[in-house]
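Chains as they are written, first to last, in my numbering: chain A, 7 to 262; chain B, 1046 to 1643. In this text, a Cβ means the ideal position worked out from N, Cα and C, and glycines have one as well. None of these values were measured; they are calculated from a predicted model. The block underneath contains the structure these notes are about, expressed in structure tokens.
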Amino acid sequence: MNRLADLKKSGRKAFVAYIMAGDGGLERLSEQVKFLQDAGVTAIEIGIPFSDPVADGAIIEAAGNRALKEGITLQKVLDELASWTFEVKVPLIIMTYLNPVVKFGIERFAKECKRAGVSGTIIPDLPYEHRDLVQGAVRQEGIALIQLVTLTTTEQRMEAILQEAEGFVYAVTVTGITGARDHLAEEVRDFMKRVRSKSSVPVYAGFGISKVQHVDMLRDDVDGFIVGSAIVQAFHDNKIEELTPLIDAVTAPSSV
Amino acid sequence: MTKVKICGLMEEAHVKAADQADAIGFVFAPSKRQVSIERASELAKYAPVDIEKIGVFVNASLEEIEKAVEKVPLTMVQLHGDEPDSLVEAIDVPVIQAFSIRSKEDVSRLKKSVADYVLVDAPGTAHRGGSGNVFDWTLLEGSGIDPSRLIVAGGLTAENVRSAIGQTKPFMVDVSSGVETDGKKDSVKIQKFIQQAKGDLMEQAIEKVGFFGKYGGQFVPETLMKAVKELEDAYTEAKQDPEFSKEYHHYLKEYVGREQPLTFAKRLTEAWGGPKIYLKREDLNHTGAHKINNAIGQALLAMRMGKRKIVAETGAGQHGVATATVCALFDLECVIFMGEEDIKRQQLNVFRMKLLGARVESVTKGSSTLKDAVNEALRYWVTNVEDTHYLIGSALGPHPFPTMVRDFQSVIGEETKRQILEHEGRLPDVVLACIGGGSNAIGMFYPFLQDEAVKLIGVEAAGEGADSERHAATMTKGTEGVLHGAFMKLLQDDAGQVQEAHSISAGLDYPGVGPEHAYLADIGRVEYKAITDEEALKAVITFSRLEGIIPALESAHAIAEAEKQAKEMASDELLVICVSGRGDKDMATYADRLGELA
Ligand SMILES: Cc1ncc(COP(=O)(O)O)c(C=O)c1O
Chain A
7 MNRLADLKKS GRKAFVAYIM AGDGGLERLS EQVKFLQDAG VTAIEIGIPF SDPVADGAII
67 EAAGNRALKE GITLQKVLDE LASWTFEVKV PLIIMTYLNP VVKFGIERFA KECKRAGVSG
127 TIIPDLPYEH RDLVQGAVRQ EGIALIQLVT LTTTEQRMEA ILQEAEGFVY AVTVTGITGA
187 RDHLAEEVRD FMKRVRSKSS VPVYAGFGIS KVQHVDMLRD DVDGFIVGSA IVQAFHDNKI
247 EELTPLIDAV TAPSSV
Chain B
1046 MTKVKICGLM EEAHVKAADQ ADAIGFVFAP SKRQVSIERA SELAKYAPVD IEKIGVFVNA
1106 SLEEIEKAVE KVPLTMVQLH GDEPDSLVEA IDVPVIQAFS IRSKEDVSRL KKSVADYVLV
1166 DAPGTAHRGG SGNVFDWTLL EGSGIDPSRL IVAGGLTAEN VRSAIGQTKP FMVDVSSGVE
1226 TDGKKDSVKI QKFIQQAKGD LMEQAIEKVG FFGKYGGQFV PETLMKAVKE LEDAYTEAKQ
1286 DPEFSKEYHH YLKEYVGREQ PLTFAKRLTE AWGGPKIYLK REDLNHTGAH KINNAIGQAL
1346 LAMRMGKRKI VAETGAGQHG VATATVCALF DLECVIFMGE EDIKRQQLNV FRMKLLGARV
1406 ESVTKGSSTL KDAVNEALRY WVTNVEDTHY LIGSALGPHP FPTMVRDFQS VIGEETKRQI
1466 LEHEGRLPDV VLACIGGGSN AIGMFYPFLQ DEAVKLIGVE AAGEGADSER HAATMTKGTE
1526 GVLHGAFMKL LQDDAGQVQE AHSISAGLDY PGVGPEHAYL ADIGRVEYKA ITDEEALKAV
1586 ITFSRLEGII PALESAHAIA EAEKQAKEMA SDELLVICVS GRGDKDMATY ADRLGELA
């Protein structure tokens, strides 16, 4: 994950892509990762499907349900990653709800992530208060537990969260669930400024980012963008190349 | 890890209950907990060999102390008087010196102590040796006291011990009155305290607020944390405000129609030929079930917090109707999420909600039942959290919901306890309630938890059979996991995917049971049984014909299990069933499934 800090130093913006593992079959995952790293993304979040994804909107939920129908489990995804022989050039981050991890065994999760070459994990229903449940185990394996901050995170809490942040901070741009949106509220820019001024690790904006115009609006105040629903939908519709302009808009060096 | 001392033990049962503690204390100084050396020696036989046995003295002579150390035998001595340093140094075993702390000056005094450990307590009242008053832990901040010498006492309870440990990180915590009920030690409280203070892996990892043993917590997305914390603060504050309680009880009386009778079921008693059967009549509440007890309480709290928009989920529609009703009463905006499957089987309630002015949103995801409705309600809440209160309908969800819902439903058990004493002059032998998420059951059981002779039985839905694929028997078949904001018991597969539940009763059709029940099951305080669709339907007929009360399908599960229990009981015993609701809402199902009777 040091690469993310280096990128920040160089002034370039990061693009983190989210994909739902097993949407369309687990065999697609390696193609998807290859496509994205070739397209120049900075890191990839591998989503683990969950039966009750309360932080997610319709697109990711539907993708998760398709993946569940394919019989995808945390174990299968980690085994798949571990089996890859091609060069994975970008950090992989497992995004999963807490329950599959608890069921899997937290220490086992950390070890298996390490074996699979995973660099970080995001658990949206594991708030800061309960982070110790997972943090010790993943830290031991050198895996970052990525923290989220949101528009409703109070000042004091944000400082506490940022103090412990590792890898990057996931700054949520909407008060709501994942899913593409037309507009982002003006207050988001101030929020990003605030987070960034306090954070020692890169700050990436996520939730609802799907358009070049969102990127233009926030690019001066963040270190990168996380794009989920738009990518999931594009892969599902077999139109992923349509997202290349968005990836380029973020990662192009000219825009510093 | 911080050690735990249970102090002031006088009875064998309580010494045994404290067997997971690191230390137990015997008080030799004048106190209502005073014991003789002989008695302490007797009690010490029931304690594990490796537990520290600590004698508490106030200005005793070295001779007395040495005698006790030898006879009990004690492994440590605790001094609460004005003992000189020379005495402290003369004692062979490790010494704890206690200080009452009122101010920062007191803190500097205890730093000078020559004892091995220092114990800090809130100032006592009549006798020295601890008062049970809450000690202001913040006084220790920045005092420079070595935490490995520090023992914290004073007003500790299972509820606050976690935060005391968090704030002071002491060598040991010491509790006495905090594990008592009406001035006597209480085994359940002792165990709960130890469990809270020590915890297992899950527990150690987590700030303990809002946990029942290892269950509970606040496992929600960051966006909701502010709202959850605000609710926690608002509820803590409201709970202490007599005006709030007055208002809540006012509406229970004047609007809901409480108190509800505890009806003696004469014909049922005769038919079952066992114990005397009593029925707690939640079916008589306005809107027809216990759900409104909670809806009133939460709506009042929401308004107190300045929130005038309400979102809720509903399964059977009873909670939806209760919520829509209070929203009409208090002029609040109301959105109810309900699974499409439930909308079909509870048409009448859907119409009632609409008539009351609520917006009913159909949920077509997953199994289109209660779990999916909760998911959607949570998503709605995440999106509208700044001005909306999530009025959850069962003892589920992130802290403070399970505690708050339990408290609002405890009126059921409180009334029952009072009424059975009026009727029979004693407590019942068995109390039964059905379990969906667990709210009517926890409300009924909570006031009886300390009365260990009262057997408590929760009855969940076995659907087509607990061993079939189609059931909702979480306590019987489920495992631990996190859903809807809490660590609790769930029906889930090996990969941690939550499974769909099945029950003819929409209100029990949920693949989880709230955290407090999971805890009560683990400690063995409540037993959980499962009743099938067929058994419940049969109970509907029996109950309707023998008592003239058509029960809700949910309640019929408790009734069916009550019949089984009654068969094993004697005629001088007492059994109470919580009739959580009436059957009006289920009439279409009854007409369909029991049609041949009509
Ligand atoms: C009449 C009745 N009883 C019981 C329940 C189950 O809920 P809980 O376990 O929260 O009491 C419901 C839920 O809808 C109900 O309507």
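Task: Near ligand 1: Gln-1392(B) beta-carbon under 6 Å from a heavy atom - done: no
Open item on the list: I'd like to know if His-242(A) contacts chain B, where contact means its C-beta is closer than 7 Å to some C-beta of that chain.
Closed with: no
Task: Contact with chain A by Met-1270(B), beta-carbon distance below 7 Å - done: yes
Task: Any chain B beta carbon closer than 7 Å to Ile-152(A) - done: no
TODO: Kindly list, in the order they appear in chain B, the residues whose Cβ is closer than 9 Å to that of Leu-98(A).
DONE: Correct list: empty, because the minimum Cβ distance to chain B is about 20 Å.
Open item on the list: ligand 1 and Ala-1597(B): does the residue's C-beta get closer than 6 Å to at least one heavy atom of that ligand?
Closed with: yes
Open item on the list: Once DSSP output is grouped into helix, strand and coil, what is the label at Thr-1461(B)?
Closed with: helix
- [ ] Would you tell me roughly how many angstroms separate the C-alpha atoms of Gly-1177(B) and Thr-160(A), rounded to the nearest one?
- [x] The predicted model places Gly-1177(B) with a pLDDT of 49, which falls under 50 and marks its position as unreliable, so this point remains unresolved.
- [ ] Check whether the Cβ of Thr-1170(B) lies closer than 7 Å to any Cβ atom in chain A.
- [x] Caution applies to Thr-1170(B), whose pLDDT of 43 falls short of 50 and renders its modelled position unreliable; the value that the coordinates give is listed next. Not one chain A Cβ lies under 7 Å of Thr-1170(B).
Open item on the list: Given a cut-off of 7 Å on the beta-carbon distance, is the pair Val-228(A) and Ile-65(A) in contact?
Closed with: no
Task: Distance, Gly-31(A) Cα to Asp-1432(B) Cα - done: 41 Å
TODO: Identify, in the order they occur along the chain, each residue of the same chain with its Cβ nearer than 8 Å to the Cβ of Pro-1266(B), setting aside the five sequence neighbours on each side.
DONE: Val-1427
TODO: May I ask you to check if the CB of Gly-1458(B) is nearer than 6 Å to at least one heavy atom of ligand 1?
DONE: no
TODO: Give a single yes or no on whether Gln-141(A) has its beta carbon closer than 6 Å to a heavy atom of ligand 1.
DONE: no
Task: Neighbouring residues, chain A, relative to Thr-1428(B) (Cβ below 9 Å) - done: Val-180, Thr-181, Gly-182 and Ile-183
- [ ] Report the rounded CA-to-CA distance for Tyr-1280(B) versus Ala-61(A), giving the unit in angstroms.
- [x] 25 Å
Task: Reduced DSSP category for His-1335(B) - H, G, I as helix; E, B as strand; rest coil - done: coil
Task: From Lys-120(A), Ile-152(A) and Phe-115(A), residue whose alpha carbon lies closest to that of Ile-129(A) - done: Ile-152(A)
Open item on the list: Looking at chain A, is there any beta carbon in it that lies within less than 7 Å of the beta carbon of Gln-1542(B)?
Closed with: yes
Task: Residue of His-1434(B), Phe-1396(B), Tyr-1555(B) and Ala-1597(B) minimising C-alpha distance to Leu-1345(B) - done: His-1434(B)
- [ ] State yes or no: is the beta carbon of Gly-109(A) nearer than 7 Å to at least one beta carbon in chain B?
- [x] Correcting the residue type first, residue 109(A) is Lys in the shown sequence and not Gly. Answer yes: the Cβ-Cβ gap between Lys-109(A) and chain B drops below 7 Å somewhere.
- [ ] Please classify Ile-215(A): does DSSP put it in a helix, a strand, or coil?
- [x] coil
- [ ] Return yes when the Cβ of Ala-1575(B) is within less than 7 Å of the Cβ of Thr-1521(B), no when it is not.
- [x] yes
Task: Sub-7 Å separation of Ala-1546(B) and Ala-1517(B) beta-carbons - done: yes
Open item on the list: Against chain A, does Leu-1423(B) count as a neighbour if the rule is that its beta carbon must be under 7 Å from one of theirs?
Closed with: yes
Task: Thr-1409(B) versus Asp-85(A) - alpha carbon distance - done: 33 Å
TODO: On a CA-only basis, which of Ser-1106(B), Glu-1108(B) and His-1059(B) is nearest Ala-1085(B)? Give me that one, please.
DONE: His-1059(B)
- [ ] Flag this pair as yes or no: are the beta carbons of Glu-1358(B) and Ala-1272(B) separated by less than 7 Å?
- [x] no
Open item on the list: What would DSSP say about Thr-1587(B), mapped onto helix, strand or coil?
Closed with: helix
Open item on the list: Are the CB atoms of Gly-1559(B) and Leu-1441(B) within a distance shorter than 7 Å?
Closed with: yes
Task: Exposure of Val-1080(B), with buried meaning 16 or more beta-carbon neighbours within 10 Å - done: buried
Open item on the list: Between which residues of its own chain and His-189(A) is the CB-CB distance below 6 Å, once the five residues before and five after are set aside?
Closed with: none
Open item on the list: Applying the 10 Å Cβ sphere with the 16-neighbour rule, what's the burial state of Phe-1446(B)?
Closed with: buried
Open item on the list: Taking CB distances under 7 Å as the criterion, tell me whether Pro-208(A) reaches chain B.
Closed with: no
Task: Per-residue DSSP class, three states only, for Thr-1047(B) - done: coil
Task: C-beta neighbour in chain A for Asn-1205(B), strict 7 Å - done: no
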